[in-house]
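Residue numbers (our numbering): 1 to 1182.
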């Protein structure tokens, strides 16, 4: 500081010494300097003003670019997250625009440009907003189309041009003001330096002033730096590419977004021509030429090129270039601003491809597609439309919708247009149009309407399908349906009667009513040029044709050849015919103006004619009427065939009934003639077997008895087959228990099986219904036949009945399998035919007539079922059949009472070497809730009993290695097992064996087959500790006797002495005594003298047969001449059902078929003895 003062002192002294001399210079210099400084301050203010304008312009351009990016992102992705930044940027753009207005309002040129810019920016914002609303309302495709619209591109270009012009203007003014600042500074320095020596005091005086000016300048510089930092922030954060290139195209600077997109840092590309790294090799030469053109002004400042990123990806960039020049107007920098439009370009390509596809679909669609403006002019139509209507493109340009629409549909179409404009869409539209050739087309489709910005309709779009063929087909179907309906109604009426006259009259009436003819009649040809009217229907004003047949026949004589060929004859107007005077007179008499004649054919021959007349005026008979009458004529032909066929069938039926009656009478007589001596043979042999005989005599008598039974079975089978073939067998519909029927069959046939050493069993599946509805008797008959055959043709093994539910309700499946000789395949197909067996040797060896299976088949078929067989020769056969048997609720009495102690869940052990027997017990026991274990031998049983406790053990008697008795002894001798109840099952009837079993400790001894109920009782008794002391099972029947002191008074009415003897002996053996009458008249006389309880009435007797005798007996009782009517039991050798019905119809109370088996007689006598006892000696009156 002292040095400064020392240095300044001379200056100060010189300034002070020369102050006066320099006052004038100082004043002048100060004035000039002051003016220069003022001018410099003003210029600096304008510089700041210009820089602010440029900043706002850059902000507007940046905001527009950002808005475009956000707007495009939303339209391309539909992501709602673009909308919030969009609104922020929009607000910033408006603020920048307002700031720009304030800055340029003093510049008229710039203000005019700003006004133009404001309008363009407002339009741009309006476009952005509208496209967003379009997207939200109409979808992406509608909004994307605006992205590439030409007006949009022009708007973008106008905005860029105005911004460029304003920027260049401001940059020019900036440069001018900087030049002015420099000029003023130079002038001040030029004045200050020459006067420095003389004006040191002035310099010293102005020093503080200059310092203050410097400080002010520093403050201005600081403000400028802040603005620069703000601009730098925008520069770095904007989502646009900004590069600064020097005049050689080298990169001087770029923003952060360039680094992100390219993958390069500024350091890696600094001062390198940008095309070397950032432009694909194939575009580098073109890029260099474009850059030179930008520098020289020969190329547009905006362009697109691909950017090559560090990863090798190519991005499409849209550039806007700005030249920065120095004061000599030489290019100093090129500022390039770019936007990544890769996705936009891809969207454009995809949109173009989509448009191409839609255009292809539009043109190649089979449907007719059109667009019509609000005045009806066609905007566009597709190829199918042009092909269907026959117009070319040039013709369509001058064509309107109203020229295409059929006149009948114009008003309807105009109403549709109005409605379409109101609601926007019509989902279903029907149009009738005319093509170029004038043909009518029927179209169906839908239409929609498009509107302008004011909501006014501008055009319609329609998609239609040509349904002309379909509509015609539908119309034809309607006609056909109507014709079919009419035909059906008439056919139904004529089919309601089998009387030919009624049929023909109904036909004539219905035709006359349907087609509104004045006269309709049916003419039947009678041959020899004659015929007659067999039916007529006419209006009261039309004369009848009856009586004019001969003349009318001559009139149609010429048409007969056509009629014989089945062709209708149509005369629309008889006035056009050439007629003879006689024909003309006939037509005038009948009043015929037009005629429709349809032939009636029967057996391909002309039977007659169906004729319709119109009498008041000529008439054109439509094809519909002709077809209707032709088809109706066919139905009349069918009715004729039906009537004549029924007449033939009636004659055949009468002949068949007569034949059946003769056959039945023959069989009845044969049955009577055979059974009459058979009654004596079987009766006497039965009585003889009850007398003491030596073994040889008993063998002889048994042989006669067996042969007689075989003959009687043959007779019964022949009668059964005859009744089945004649359809005279009627089924009963009663409720019955399936298990009971099956067990009865097994029980009845078990002795035969056991004699041959066969096992016989019934396996009824636990799922089988208990009670069903059907004919138990016929089911039992089928099972008896099949099981008997199985026993007959089986030497060793078993015969098993199986029952299980069918695949569908209410079917049950039955089968009978054996291990017999089997049946060869060639025989199986005809085995169910009558009198068929495997071969002649089978008949010789086993006997039989071959009727049993034929009867089974017919019975099963009669019951609605099916029967079949499977067989392997040498291995056995399986006959199976299925029947529909509805399940019913068991009667109250069929429900078993609950056991004294519960058995459900208890474990039962079955010991039997035969698997079938074990399975039989398992099926039965599972139904009761028992658990079943099985053992195939005694040793296995003992091992299981030591491993598990059993409630009851069932033991088979006949087992190899260890029989049932031995096993029982070992069990009872084992202290651990002795308390287990044992039940013996055996196939023999030996009382000694039963006694041994009970002595060993068995709780019961049962003979197989064992009924389920009996087995259950036995198991329950065994569990309760009860012992069955008497062997049970099916034992050989022993003759039953009735005390000879029976009080039943019996009268035998029989004319045959042998039969009298047989019957009396049978009655005597049963403990009854009887009186004898030789005929019906004697029987009535004896009944009047003595009070008999029961009359055995033979049906075929001399003088008075049994039928008339019974009728007179009822008459006597009704007249009061007989106090108490006896029971009448018919004895007849006729065994057919109609014979039984005949007996009951005559008033008889019961029926026995000859030969009479003593057991049947015993049961009948016991039954009526009990009835008479219950009723106090009186039989129920009928």
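For every residue, glycine included, the Cβ atom is placed at its ideal position computed from N, Cα and C.
Keep in mind that this is a model prediction, so the values were computed, not measured.
What would DSSP say about residue 427, mapped onto helix, strand or coil?
Residue 427 falls in the strand class under three-state DSSP.
- Query: With 16 as the cutoff for other CB atoms within 10 Å, does residue 824 come out buried or exposed?
  - Reply: Under this definition residue 824 is an exposed residue.
*asked:* Between which two residues does the beta strand (DSSP E) holding residue 302 run?
replied: For residue 302, the enclosing beta strand (DSSP E) stretches over residues 302 to 308.
- Hey, would you say residue 101 sits closer than 9 Å to residue 67, going by beta carbons? No, the pair does not count as a contact, with Cβ atoms beyond the cut-off.
Item checked: Selected residue, minimal CA-CA separation from residue 136, among 71, 179 and 162 -> Looking at the Cα atoms, 71 is the closest of the given residues.
Does the Cβ of residue 77 have 16 or more other Cβ atoms within 10 Å, making it buried, or fewer, making it exposed?
By the Cβ-count criterion, residue 77 is exposed, with fewer than 16 other Cβ atoms from all chains shown falling within 10 Å of its own Cβ.
| field | Limits of the unbroken beta strand (DSSP E) element including residue 359 | value | Per DSSP, residue 359 belongs to no beta strand (DSSP E); it is in the alpha helix (DSSP H), 342 to 364.
Review point. Cβ of residue 460 within 9 Å of Cβ of residue 381?
Key: Pairing residue 460 with residue 381 gives a Cβ-Cβ distance that is not under 9 Å.
### Query
What three-state label does DSSP hand residue 756 in the structure shown?
Note: residue 756 maps to coil in three-state DSSP.
- Message: Is it the case that the segment 633 to 647 contacts the segment 548 to 560, given that we only count it when at least three CB pairs across the two stretches are under 8 Å?
- Response: The segment 548 to 560 vs the segment 633 to 647: no contact.
Please report the distance separating the alpha-carbon of residue 998 from that of residue 974. Near 17 Å, if we compare the C-alpha coordinates of residue 974 and residue 998.
(message) Please state whether the Cβ-Cβ distance between residue 1139 and residue 1132 is less than 9 Å.
(response) Contact: yes.
**Study point:** DSSP three-state assignment for residue 762, whether helix, strand or coil
**Key:** Note: residue 762 maps to strand in three-state DSSP.
Which full runs of the beta strand (DSSP E) of 3+ residues lie inside the segment 380 to 459, going along the chain? Counting whole runs of 3 or more residues, the segment 380 to 459 contains the beta strand (DSSP E) stretches 425 to 434 and 440 to 451.
Buried or exposed, going by whether 16 or more other CB atoms sit within 10 Å of the CB of residue 756? Looking at its Cβ environment, which holds fewer than 16 other Cβ atoms inside 10 Å, residue 756 is exposed.
If you reduce the DSSP assignment to three classes, tell me which class residue 844 lands in. Per-residue confidence for residue 844 stands at a pLDDT of 40, beneath the threshold of 50, marking its modelled position as unreliable; no derived number is given.
Quiz item: Is residue 900 helix, strand or coil when you go by DSSP?
Solution: Any reading at residue 900 must be qualified, since the residue scores a pLDDT of 49, below 50, and its modelled position is unreliable; the value itself is stated next. DSSP places residue 900 in coil when its eight states are reduced to three.
I think residue 798 touches residue 1011, with their Cβ atoms under 8 Å apart; what is that distance to the nearest whole Å?
-> Actually they are not in contact, since the Cβ atoms of residue 798 and residue 1011 sit about 18 Å apart, beyond 8 Å.
Can you confirm whether the segment 562 to 569 touches the segment 587 to 600 when touching is taken to mean that 3 or more C-beta pairs between the two stretches lie within less than 8 Å? Yes, the segment 587 to 600 is in contact with the segment 562 to 569.
Original post:
Ends of the beta strand (DSSP E) at residue 522?
Top reply: Following the DSSP letters along the chain, one finds residue 522 inside the beta strand (DSSP E) bounded by residues 519 to 527.
Q: Indicate the three-state DSSP secondary structure (helix, strand or coil) for residue 805 in the structure shown.
A: The answer is strand: DSSP assigns residue 805 an E or B state.
| Whole-angstrom distance between residue 519 and residue 502, CA atom to CA atom | Within the model, the alpha-carbon separation for residue 502 versus residue 519 is close to 18 Å.
Just the C-alpha distance for residue 113 and residue 51, rounded to the nearest angstrom, thanks.
-> A direct Cα-to-Cα measurement between residue 113 and residue 51 gives close to 18 Å.
Item to complete: Tell me, please, which residues DSSP counts as bridged to residue 321.
Response: In DSSP, residue 321 forms a bridge with 336.
Original post:
Does DSSP classify residue 77 as helix, strand or coil?
Top reply: Three-state DSSP puts residue 77 in a helix.
Practice task
Over the uninterrupted beta strand (DSSP E) stretch that includes residue 568, give me the two end residues.
Solution key: Unbroken run through residue 568: none, as it is neither H nor E.
message: Measuring only from the beta carbon, is residue 441 closer than 8 Å to any heavy atom that is part of the ligand FMN?
response: Of the ligands one can find in the structure shown there are none, so the ligand FMN has no counterpart to examine.
(Q) Counting C-beta neighbours from all protein chains within 10 Å, is the total for residue 874 16 or more, i.e. buried, or is it exposed? (A) Here residue 874 is exposed: its Cβ has fewer than 16 other Cβ atoms, across all protein chains shown, within 10 Å.
Whole angstroms is fine: what's the gap from residue 914's alpha carbon to residue 961's?
A direct Cα-Cα distance of roughly 14 Å separates residue 914 from residue 961.
> How long is the line joining the alpha carbons of residue 421 and residue 94, rounded to whole angstroms?
Replying inline: Taking the straight line from one Cα to the other gives about 39 Å.
* Starting from residue 1086 and walking both ways along the alpha helix (DSSP H), at which residues does that stretch end? -> Run containing residue 1086: 1080 to 1089, per the alpha helix (DSSP H) assignment.
Compare the Cα-Cα distances from residue 903 to each of 880, 929 and 869 and report the closest residue.
-> It is 929.
- Task: Along the beta strand (DSSP E) that carries residue 602, what are the first and last residues, could you check?
- Result: For residue 602, the enclosing beta strand (DSSP E) stretches over residues 594 to 602.
With a Cβ-Cβ cutoff of 9 Å, do residue 855 and residue 924 count as a contact? Not closer than 9 Å, so no.
Problem - Distance, residue 1047 Cα to residue 1060 Cα - result: Whole-angstrom Cα-Cα distance: 21 Å.
Any beta-carbon of chain C closer than 9 Å to the one on residue 861?
The structure shown contains no chain C; it holds only a single protein chain.
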